[in-house]
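Have a look at the structure below, then the notes.
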Amino acid sequence: MRLPSLLPLIVEATIAHAHFDPSHFTWYTSPASNFSSTLPLGNGRLGAAVWGSTVENITLNENSIWGGQFMDRVNPDAYSALDPVRSMLKQGNITAAGEVTLEKMVGSPDEPRAYHPLGSLVLDFGHEGSHIENYTRSLDLLKGRAVVDYEHHGVKFRREYVASHPAGVIAARLRASEAGRLDVAASLSRDRYVVENSATAGSNAGILKLRALTAESDGISFSAAARIVAHGGRVSRNASSVVVHNATIVDIFIDAETSYRYADQPAWEAEIERKLDAAVRAGFPAIEKSATADHEALAGRVHLDLGSSGAAGNLPTDVRLERYKIDPDTDPELATLMFQFGRYSLIASSRDTDASPLPPNLQGLWNEDFEPAWGGRYTVNINLEMNYWPAGVTNLAETLGPLISLLETVKPRGQDIARRMYNCDNDGYVLHHNTDLWGDAVPVNNGTKWTMWPMGGAWLSANLMEHYRFTQDTALLEKRIWPLLRPAAQFYHCYLFPFNGYLSTGPSSSPENAFVVPDDMRQSGREEGIDIAPTMDNTLLSELFHSIIETGKILGINNTDITKAASTLPLIKPPQIGSYGQILEWRDEYKETEAGHRHMSPIFGLFPGSQMTPLVNPTLAAAAKVLLDHRISHGSGSTGWSRAWTISLYSRLFDGDAAWNHTHVFLQTYPSANLWNTDSGPGSAFQIDGNFGFTAGVAEMLLQSHAGVVHLLPALPSAVPNGKVNGLVARGNFVVDMKWSGGRLTWARVTARAGGPLAIRVQDGRQFSVNGSVYREEILSMEGETYEISLH
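First residue of the sequence shown: 42, per my numbering; consecutive thereafter.
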């Protein structure tokens, strides 16, 4: 290849004092100091975390690399213990019921598989020392591209990285501003169970190959490979490294495939070869162009303006975060950036692929540990559900496909466990509070506060139904969602038992919370979590059976599934109100062990459900607020995801100022340097759920649609009097654009993508016109039509 033809491609970086849009760039003036300050990239299956060091370490992930094969963990004594435990609970012997449940019903081993890293791509440029100047690294959330720029001995070096969904690879371009000044030694590395680590080299290209297992005996097998293409210079190998000398540009393309998706090694390695051959033929510029266009087509659908930050927004992201702790009001665009980072992360970690796509787990897609916090699994008593809260409202409905796929994997596992644990042989499936990529449905861990909770199928069904409500995709509802909704409901028709005039769950829990055993329920003062019919269970059941009935009407189904749901609904215990006006959490008003508990389970019906919202049931909404205020005043919101949840909860109560205050607390407390949500603050465990919950919460302040009405600016904070948003989506598949000034809506446009009934409410019920006419009643919208709204 002739070097002069490449020189026009070498674009010198504007390194010193670069300007990055503060609403959709993260950027830094030094390399990452830890994993939680890296730049995350993803194409939905492959992940890369870019450190930006002089010796670059790109942490690699592939979302089906988990700790091993499927394990049958069911406890053989589970069904024999079910009736005795229920009898103990009915009789008030809570202590013994909890003990027997943990002894007889917990799986063995008590945890399913954990998420593992792939390894690292290491790039040694020989640039160590004190001669690095004008360093920046940045992540463009709109285009999905990471860039590292710096000068070394007067030469400008740039590294560009993309994770391409269209090409199915991670791609990098390394370049120098002067011809022949780029040297790099590239290698793939992994700490455990490596079977092969090799390098080969030709005249201007090299190949790296890594083959490994995820466990010594029954691990998932996988291969990873990198193609290195040098423009100029020479290529050689050194042990397991490809070494490039005196190049001007070096392109790298990476793929990994696993035994989870392919029958044997030749099959997955042929897929690697196919993808990498195609990427090399296309070349980096074409791969980058298609990758960024694909990402921007999704990320660019929503534009949010909550006000300009001025000089505060032009600082590096880590500096902005520290200054925000002192004075949040000077940087409103940090909330916009975090909003878009949540959308970016969902696009990067949840995309449909050719075979068995997987949703974002507890760490999304990005993990460097063989023993990540909580196994990096799919936790389904809040966390996996929260991952998809922003999907519909922020115009990313396409990202839900991997969740549907996972539930299709869970279903047969859950049907097996329904039979063996509960003697339910009616095709219903059960899922407890955790699962893995194999669809493990057995109770996880060993603690009364979280282990026994058979409601995962009900909660995830709510996510599926919300997807239909946002998209109006009747074909998907019929072909993939209904076949999951129906067996979820079937399980409960078998599992529920009569107690005090209602059909009840049990043994069950209110996720991860505990109460003090009363005097008349055996060991007085002891902490327990297992009971009959917690409020969250009842609310989830109500949501599920309503979804069954709603789907029947949409699809024209009128069979026993529909009649059973209709007859069961009145037998589900409604939410109860306690002594100080709060929603009760359990069947009785037990004394709390943790008044500020992080889970908001009893008020699921406020958000993400709708049973307790002001426009649906003002009495329950008021009681939900009492419990919410009580929790917050006693220290709830103590984890990032919990604090994110409170933003949506207060938004549903139309309390925009409280919601905005919780965005402040979240941003001041939980993000790591690269904006990842953490459990309790930087340095603690990374959990992606809080990022998604934050994004959903900001959207909920501006647009709500759960009560059969498109509600514009329902919880606008007084601190954000002026702003605009384009591209949010209301249920019914209505796209909403809005502007507001002085705390008042000035203009809005609603575009009907599906057509159908359109009811509108503005702020606190203000009068308005639609297309120049005073709005008086619901509009029958037409597909493709737009409706402009102005206040009187």
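Idealized CB from N, CA, C, for every residue including glycine.
- Take the alpha-carbon of F538 and the one of L612: they are about 10 angstroms apart.
- Taking the CA atoms as reference points, Q804 sits about 21 angstroms from S822.
- The beta carbon of S228 sits closer than 6 angstroms to the beta carbons of V163, S281, S282 from its chain, once the five residues preceding and following it are set aside; these are given in chain order.
- Rounded to the nearest whole angstrom, the CA to CA distance from K632 to P559 is 8 angstroms.
- Inter-residue distance for E824 and L753 is about 20 angstroms (C-alpha atoms, whole angstroms).
- Collapsing the DSSP output to three states places I729 in coil.
- Rounded to whole angstroms, the separation of the alpha carbons of M129 and E140 is 11 angstroms.
- Rounded to the nearest angstrom, the gap between the Cα atoms of K250 and T241 is 9 angstroms.
- Around the beta carbon of R322, fewer than 16 other beta carbons sit within 10 angstroms, so the residue counts as exposed.
- Judged by DSSP secondary structure, F325 falls within the alpha helix (DSSP H) whose first and last residues are 325 to 340.
- In terms of Cα proximity to N424, the closest of E409, A438, P401 is P401.
- Each of T489, K490, L525 was checked against the Cα of L505, and the nearest Cα belongs to L525.
- The beta carbons of S105 and L478 sit closer together than 7 angstroms.
- Taking the C-beta atoms as reference points, D335 is found nearer than 7 angstroms to P207.
- Non-local C-beta neighbours of N767 in its own chain, meaning closer than 6 angstroms and more than five positions away in sequence, comprise H344, D778, ordered along the chain.
- For the pair Q728 and L403, the Cα-to-Cα distance works out to about 5 angstroms.
- Counting of Cβ neighbours within 10 angstroms places A636 among the exposed residues, the total staying below 16.
- Secondary structure at V343: coil, using DSSP grouped into helix, strand and coil.
- DSSP, reduced to helix, strand and coil, places V451 within a helical segment of the structure shown.
- In this structure the stretch 794 to 804 does not touch the stretch 368 to 378; the number of beta carbon pairs closer than 8 angstroms is below three.
- Just so you know, the alpha carbons of W627 and N116 end up roughly 27 angstroms apart.
- For R418, DSSP assigns no beta-bridge partner whatsoever.
- DSSP, reduced to helix, strand and coil, places I269 within a strand of the structure shown.
- Between the C-alpha atoms of G497 and N279 there is a straight-line separation of about 51 angstroms.
- Per the coordinates, the alpha-carbon of D481 lies some 39 angstroms from the alpha-carbon of P72.
- Taking the CA atoms as reference points, D370 sits about 11 angstroms from G351.
- Look at Q745 here: in three-state DSSP terms it is strand.
- Contact annotation, N464 with T420: C-beta distance approximately 27 angstroms; criterion of less than 8 angstroms not satisfied.
- Annotated three-state conformation of M506 is helix, per DSSP.
- Annotated three-state conformation of Y191 is strand, per DSSP.
- One alpha carbon belongs to A271, the other to S677, and they sit about 54 angstroms apart.
- As computed with DSSP, K250 is found in a beta bridge with S239, A266.
- Restricting attention to L444, S161, P758, Y365, the CA atom closest to the CA of E409 is found in S161.
- The C-beta distance from T489 to A555 rounds to 7 angstroms, short enough to meet the 8 angstroms contact threshold.
- Residue pairing from DSSP leaves H640 without any beta-bridge partner.
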